[in-house]
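Heads up: the structure comes next, in structure tokens.
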Amino acid sequence: VNLSLCSKRSKKTVAKARTIPKTHMSIDIDRNHFRICVFTAGNQETVSVWTLVDKNADEGDNREFNVDGIEGLMRTNPSSTGTYCEAFNFTSTPQKIAASMAPIISHLLQALPNCVVKFLTVDFLRLVHFNFETALAPVKSAEIVMIKNQSMRYQSKYFLTNIRITKTYENLYQSKVPSSVQFPDKLECSDKIECLDASFIRGDFLLRLNCKDVLLRNAQFSVNDVMEFLKKWKNATGDEMGRIQCIKLELTTVVLTERHFEELGAVKWDTKKYRTYYYRNDQWINCADGVYIQQADGLKGVIKPFHQGLYFLVWRE
Numbered sequence: 001v002n003l004s005l006c007s008k009r010s011k012k013t014v015a016k017a018r019t020i021p022k023t024h025m026s027i028d029i030d031r032n033h034f035r036i037c038v039f040t041a042g043n044q045e046t047v048s049v050w051t052l053v054d055k056n057a058d059e060g061d062n063r064e065f066n067v068d069g070i071e072g073l074m075r076t077n078p079s080s081t082g083t084y085c086e087a088f089n090f091t092s093t094p095q096k097i098a099a100s101m102a103p104i105i106s107h108l109l110q111a112l113p114n115c116v117v118k119f120l121t122v123d124f125l126r127l128v129h130f131n132f133e134t135a136l137a138p139v140k141s142a143e144i145v146m147i148k149n150q151s152m153r154y155q156s157k158y159f160l161t162n163i164r165i166t167k168t169y170e171n172l173y174q175s176k177v178p179s180s181v182q183f184p185d186k187l188e189c190s191d192k193i194e195c196l197d198a199s200f201i202r203g204d205f206l207l208r209l210n211c212k213d214v215l216l217r218n219a220q221f222s223v224n225d226v227m228e229f230l231k232k233w234k235n236a237t238g239d240e241m242g243r244i245q246c247i248k249l250e251l252t253t254v255v256l257t258e259r260h261f262e263e264l265g266a267v268k269w270d271t272k273k274y275r276t277y278y279y280r281n282d283q284w285i286n287c288a289d290g291v292y293i294q295q296a297d298g299l300k301g302v303i304k305p306f307h308q309g310l311y312f313l314v315w316r317e
């Protein structure tokens, strides 16, 4: 379409494009379920669903589509929230499904300029020979990433090194053997990080941290890494580390001594002046044997050691 940039038609077209509502995208990948869903950001009304399946097409599905060479069938699906487009791409192998996903995701992100990848959920159970590097190449960022049934450490590396994760990252995979290799990650979460094998995370991660709730198990941080984080938090101003509320390091080798507390200017938590228990995530944490550091504005952060672990709790009275 050729339009003069100063014509009335051009103005109408640009105005219409600017009114495209913000949409969210959800990407679900598991052995029997490869789906891309687009829905409106406000009322979460479904706009379109793209499903990639390894089966034959139904006889009634006779509207064909072609997206960058990826062919499939399309039908209109009435629902309680309105009518949305449902597209099916019929293929036979994980490799072909991965190759089909990328052009569809890319097409949707380009056609809907206000579209944000809201959810990316991957279940590794019986999911083999699937090329995530191919399938998710157009995805540069996602708000919420959830990894399920991971069986080998390397499986999550692609997501952590190639996709900027901005709100939540959950991965309950556990390993008895810490990773011998640490690599840079793109975890920029604001709400939650729950990682039960955090041995890959480098020490500089703590200095970038500004997330409400963090649970890291087997993190290979040094005492210096933790001390640099605590010093930065103590001297922070504004919103630099303002989201932090609860950090829990499990099975860590970090042990802070009285010398470290003195260096931080930490003071023993006084249960006569302050509450004894900190409540977070359905858990009551006893701070009686903890110490605290304080920012210039009076905000307190409790350092609470426990067996093979450490809490850092920000008290917002």
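In full-length UniProt numbering, the protein residues as written are 1 to 317. Ideal Cβ placement from N, Cα and C applies to all residues, glycine included. Predicted, not measured: the structure shown is a model, and the values here were computed from it.
Between arginine 202 and valine 226, what straight-line distance do the alpha-carbon atoms span, to the nearest angstrom?
12 angstroms
In angstroms, rounded to a whole number, what distance separates the CA positions of leucine 136 and alanine 219?
27 angstroms
Over what stretch of residues does the beta strand (DSSP E) that includes phenylalanine 124 continue unbroken?
Taken as a continuous stretch (DSSP letters only), phenylalanine 124 belongs to no beta strand (DSSP E), as it is neither H nor E.
Within 10 Å of its beta-carbon, does phenylalanine 312 have 16 or more other beta-carbons around it, so buried, or fewer, so exposed?
buried
Tell me, to the nearest whole angstrom, how far the beta carbon of lysine 192 is from that of isoleucine 163; I am working on the premise that it is less than 8 angstroms.
With 8 angstroms as the limit, lysine 192 and isoleucine 163 do not qualify as a contact, their Cβ atoms being about 16 angstroms apart.
How should lysine 272 be labelled, buried or exposed, when 16 other C-beta atoms within 10 angstroms of its C-beta is the threshold for buried?
exposed
Quick check: the segment 138-156 against the segment 110-125, are at least 3 beta-carbon pairs closer than 8 angstroms?
yes
Whole-angstrom distance between proline 113 and serine 4, CA atom to CA atom:
Any reading at serine 4 must be qualified, since the residue scores a pLDDT of 45, below 50, and its modelled position is unreliable; the value itself is stated next. Answer to the nearest angstrom: the Cα atoms are 22 angstroms apart.
Residues in the same chain with beta-carbon distance under 7 angstroms from tyrosine 110, minus the five sequence neighbours each way, listed in chain order, please.
In the sequence as presented, tyrosine is not what sits at residue 110; that position holds glutamine. Taken in chain order, the list of residues that qualify is empty.
Report buried or exposed for asparagine 171, applying the criterion of at least 16 other Cβ atoms within 10 angstroms of its Cβ.
buried
Out of Asp30, Val49, Thr237, which has the shortest C-alpha to C-alpha gap to valine 128?
Asp30
Span of the alpha helix (DSSP H) holding histidine 107?
94-111
Of the residues Phe159, Ser179, Cys37, the one placed nearest serine 26, counting alpha carbons only:
Cys37
Neighbour-count burial assignment, residue 355, 16 or more Cβ in a 10 Å radius:
The first residue shown for the chain is 1 and the last is 317, placing residue 355 beyond what the model contains.
Length of the line joining the Cα atoms of aspartate 123 and glutamine 283
28 angstroms
Can you check whether the CB of glutamine 182 is closer than 7 angstroms to the CB of aspartate 197?
no
Comparing C-alpha positions only, which one of Val314, Tyr154, Gln95 sits nearest to serine 179?
Tyr154
In chain order, what are the residue ranges of uninterrupted alpha helix (DSSP H) at least 4 long that sit wholly in the segment 195-275?
205-208, 223-235, 258-264
Hey, proline 305 and leucine 256 are a contact pair by Cβ (cut 8 angstroms); roughly how many whole angstroms apart?
7 angstroms
Kindly indicate which three-state DSSP category leucine 313 falls into: helix, strand or coil?
strand
For valine 1, which of helix, strand or coil comes out of DSSP?
Residue placement at valine 1 is flagged as unreliable, the pLDDT there being 38, under the threshold of 50; a coordinate-derived value is accordingly withheld.
Can you name, in chain order, every residue of its own chain whose Cβ lies under 8 angstroms from the Cβ of serine 190, other than the five neighbours on each side?
Thr166, Lys167, Asn210, Cys211, Lys212, Arg243
Can you name the start and end residues of the beta strand (DSSP E) that glutamate 133 belongs to?
It is not in any beta strand (DSSP E) - glutamate 133 instead sits in the alpha helix (DSSP H) that spans 132-135.
Assign glutamine 150 to buried or exposed, taking buried as 16 or more other Cβ atoms, counted over all protein chains shown, within 10 Å of its Cβ.
buried
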